[in-house]
């Protein structure tokens, strides 16, 4: 019985000792991947903010062009 217990305990210890590097590698990989994901998220937020600003500028330019077109149409109607 005691030999069996010693054998089982040594097997369990060997398995635990082999799992420690795997757990450490998994934790390191998770930390690295989470940093990369945060970096991508930050870049996407910055890109989205730039696209929003660009969209606002384009809408302003479109409105200005639309106003000019209305003025030109009024002028042409007066000429006719």
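Numbering (the working numbering), first residue to last: 752 to 831.
Glycine included, each C-beta is placed from N, C-alpha and C at the ideal position.
Beta-carbon contacts of residue i that lie in its chain and below 6 Å, excluding the five residues immediately before and after
i	result
residue 808	none
Residue i to residue j span [Cα, whole Å]
i	j	result
residue 828	residue 819	14 Å
residue 773	residue 756	26 Å
residue 806	residue 826	30 Å
residue 803	residue 789	21 Å
Residue i CB to nearest heavy atom of the ligand SAH below 6 Å
i	result
residue 820	No copy of the ligand SAH occurs in the structure displayed, which carries no ligand at all.
Coil, strand or helix - residue i by DSSP
i	result
residue 831	coil
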